[in-house]
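Just so you know, the sequences run in chain order A and B.
With positions in the first sequence counted from 1, the corresponding number in my numbering is that position plus 36.
With positions in the second sequence counted from 1, the corresponding number in my numbering is that position plus 29.
Glycine included, every Cβ here is placed at the ideal spot set by N, Cα and C.
Keep in mind the model is a prediction, meaning the values are calculated, not measured.
This report refers to the structure that appears directly beneath it.
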Amino acid sequence: MDQPIVSVRNLNVWFSTRSRLSRLWRRRSPGVIKAVDGINFNLYQGETLALVGESGSGKTTVARAMMALLSEAEGEIRFEGRNVVRAGRTEKLKLRARMQMIFQDPFDSMNPRETIFKIVSEPLAIHRPRMPKYERLSGAARALSDVGLLPPEDFLFRYPHELSGGQRQRVLIASALMLNPAVIIADEPVSMLDASLKVEILKLMAQLKKEHRLTYLLITHDLALTRYVADRVSIMYLGEIMEIGPVEQVLGDPRHPYTRALIKVVPTLDAVGERKKVLEGEIPHASNIPSGCRFHPRCPVAVKECVRQVPQMKAVGNRHRAACHLV
Amino acid sequence: MTATYVLLEVENLNIEFRIGSEYVSAVRDLAVELRPGETLGLAGESGCGKSTAALGIMNLLPDNGRIRSGRIIFDGQDLTKLSSHEIRRVWWKEMAIVFQGALNSLNPVKRVGTQIAESLILRGGLDKKAAWRRVGELFELIGIKPERAYDYPHEFSGGMRQRAMIAMAICLNPKLVIADECTTALDVMIQTQIMNLLKALKVQLQLSMIFINHDLALIAEICDRVAIMYAGRIVEIGEMEDLFFRPAHPYVKLLLQSLPRLKGPAEDLVSIPGAPPRLKDVPMGCSFLPRCPIGADDCSRSIPHLTEVEKDHRAACFKIEKTKGNK
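Dropping the structure here:
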């Protein structure tokens, strides 16, 4: 558990918004959108790290950078001896076989005109083009039974629309497992599903993690869920990590005011009837990041220092760190 | 039953959809009452018929849907007997609906304020000046600066668009607002803001509301009474506290155990085995039987009716009737 399988150092993903068109309009374009701004974290072998934040916090951008899908990424993402950020074409291909991604929407991420077999075995078609079809077929069947779609022959030649939302999500997981990856990045894998189905898919993911010795990076906005599935949680705000640590510590003893605010608004049955204090306004645009601590305009406890000085990550407990002047 | 005035009374509502050549029931024998100022929650897994019920009450069913039988008495008149011309006078003025996808419900090429003003002029009979004055008031009410009324929908964030939709729904002071998954596509922080807004409006304007959501935690937050639906039928209905703290139906019990909590032991979440039935082949008798942990063979003989478990709290399960009979 102490061996980082992925280590992210000073990761920046800055998108430029200057285009010829905007110059033509003489509009002042914001210039640079800092979607991810100097992030550091480790993903340890065998753990589940949850990346939590509002939309616009950059959590999906981190995932896409890790999958080498963004040419704008700068910094270092070390995975199995390579720097993902600087990987060339063939290296990227190899890397994506070892690190797979599961997306949120089981409806949009499948071609409706392809059979389940084709969808599940697509990674094989790309990465092992010479594999004979019968081998691909048995591989796909095995993957489907791994994710509980039994018997697999019943599913192989059906189309996505014949499957329920939960079954489709299982198909996507099966497809991600096809190449025996070491790391699975799951981007809101259950946020479209009903409560009971959510639990079912998360249980399946936990079981697969054990069987296939996987490491998970779980992207979610549901803080309450992290308690049940994650070992550590990292709270992102506007492209930066605000707090990171073991789940029980971060949720039980949150140190950053943003984490505290997030916990307060989680809808659960524990807090029925309580009046929810909610942060005013919305997350600022990443083209216009506030000075000092980027959370200060919405922070309920901000002091003068927060406007001027960027807070550094400080240890606040065992493996628990937070970036706030007041901790 | 108390003799208080009932704003909406739905009696044995049956809604069906034509699929191919056959009709499929989506809502079966729905019966609910809503008193003025009350908020009724309608919850259940996707496909349980909660949205269809709402559309049926509004008489907004798509072309292949129809009300097979039942009565919808709203403010003294039976909506099922109105012509499409007459129903238009009820829409927006008497009852309004807020949908999930706020982006799709606003016209992208018209200023947000214009869209609300148009509704005020056309349906409310206001002149242009009065309409815009009212738009300003409404924006104040929903917590957006009145000058933003001149913005186009794309200049609004998701949360603001949803606020604008709420403004449009309440602009003609309807007696009933139906909120159909109105927070689903939003972030937790924005979701809480919208929930707080609805709660405030509920008190300020004495709104009667039907609040439809798949998230039971949100239902618990805002509703006075709650109805849980399964396969087109209400399986349990009662006061919010009674239902959430003393659930009677096995389905509702399991559903509540599948919700993640922030406090208390992080014991395993429960998932309900199996999936809800397809509307085409709802099982005989109790439709929850195939997934029910306490179901017995005789549950398939007939359909369980809602029976009282305590005052104003009814559930449709044979097992409850028996235990009650033994006492």
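- DSSP lists B:W120, B:L205 as the beta-bridge partner residues of M124 of chain B.
- A straight-line Cα-Cα distance of about 11 Å links V269 of chain A and H257 of chain A.
- Sequence-distant partners of P322 of chain B (beyond 5 residues in either direction) whose C-beta falls short of 8 Å from its own C-beta, in its chain, are P279, L283.
- Taking 9 Å as the cut-off, the beta carbon of L37 of chain B is found no closer than this to the beta carbon of D107 of chain B.
- Sorting B:E176, B:L205, B:T213, B:P203 by C-alpha distance to the C-alpha of Q191 of chain B places B:T213 at the top.
- With a threshold of 9 Å between beta carbons, E74 of chain B makes contact with chain A.
- Counting only the Cα atoms, T304 of chain A lies some 35 Å from F46 of chain B.
- Boundaries for M269 of chain B: no beta strand (DSSP E) harbours it, while the alpha helix (DSSP H) harbouring it runs 269 to 274, taken from the DSSP string.
- Taking 9 Å as the cut-off, the Cβ atoms of P188 of chain A and L180 of chain A count as close.
- If you compare the alpha carbons of A:E150, A:G202, A:P148, A:L106 with that of R132 of chain A, the shortest gap goes to A:L106.
- Listed along chain A, the residues sitting closer than 8 Å to Q222 of chain B by beta-carbon distance are V314.
- P319 of chain B sits in a helix when the DSSP states are folded into three classes.
- Of all C-beta pairs linking the stretch 234 to 247 of chain B to the stretch 149 to 158 of chain B, fewer than three are shorter than 8 Å, placing the two stretches out of contact.
- DSSP places V207 of chain A inside the alpha helix (DSSP H), whose first and last residues are 201 to 213.
- Under a criterion of Cβ atoms nearer than 7 Å, the residues of chain A adjacent to E250 of chain B are, in order, P303, V308.
- Restricted to the stretch 160 to 230 of chain B, the beta strand (DSSP E) segments that are unbroken, complete and at least 3 residues in length are 205 to 209, listed in chain order.
- In this structure, A:M137 is the residue among A:M137, A:I113, A:K128, A:R172 with its C-alpha nearest to the C-alpha of Q205 of chain A.
- At least 9 Å separates the CB of D73 of chain A from every CB of chain B.
- Of all residues in the stretch 194 to 223 of chain B, only D216, V217, M218, I219, Q220, T221, Q222 place a beta-carbon less than 8 Å from a beta-carbon of chain A.
- Of all residues in the stretch 287 to 317 of chain B, only S287, L288, P289, R290, L291, K292, G293, A295, D297, L298, V299, S300, I301, A304 come within less than 8 Å of chain A when Cβ atoms are compared, listed by chain position.
- Going by DSSP, E318 of chain A is part of no beta strand (DSSP E) at all; its letter is neither H nor E.
- In the same chain as R343 of chain B, and ignoring 5 residues on each side of it, the C-beta atoms closer than 8 Å to its own belong to E265, I266, G267, L335, T336, E337, in chain order.
- For N119 of chain A, the pairing in a beta bridge is given by DSSP as A:R114.
- At least 9 Å separates the CB of N93 of chain B from every CB of chain A.
- Closer than 9 Å to the CB of G201 of chain A there is at least one CB belonging to chain B.
- Against chain A, the beta carbon of L247 of chain B has neighbours under 7 Å at P303, listed in chain order.
- Closer than 7 Å at the C-beta level to chain A, one finds these residues of the stretch 154 to 187 of chain B: S186.
- If you look at E236 of chain A, you'll find it in the alpha helix (DSSP H) that goes 231 to 248.
- About 6 Å separates the beta carbons of M272 of chain A and G94 of chain A, which is inside the 8 Å limit, making them a contact pair.
- Positions of the beta strand (DSSP E) runs, each at least 3 residues long and wholly inside the stretch 51 to 129 of chain B, are given as 51 to 63, 68 to 72, 94 to 103, 124 to 127 in order along the chain.
- Between S232 of chain A and S80 of chain B, the C-beta spacing is not below 9 Å.
- As computed with DSSP, A260 of chain A is found in no beta bridge at all.
- Beta-bridge pairing by DSSP links P282 of chain A to A:R268.
- Across the structure, A212 of chain A and L227 of chain B are spaced so that their CA atoms are roughly 41 Å apart.
- K282 of chain B is not bridged by DSSP to any residue.
- Non-local C-beta neighbours of A198 of chain B in its own chain, meaning closer than 6 Å and more than five positions away in sequence, comprise A125, V127, V206, ordered along the chain.
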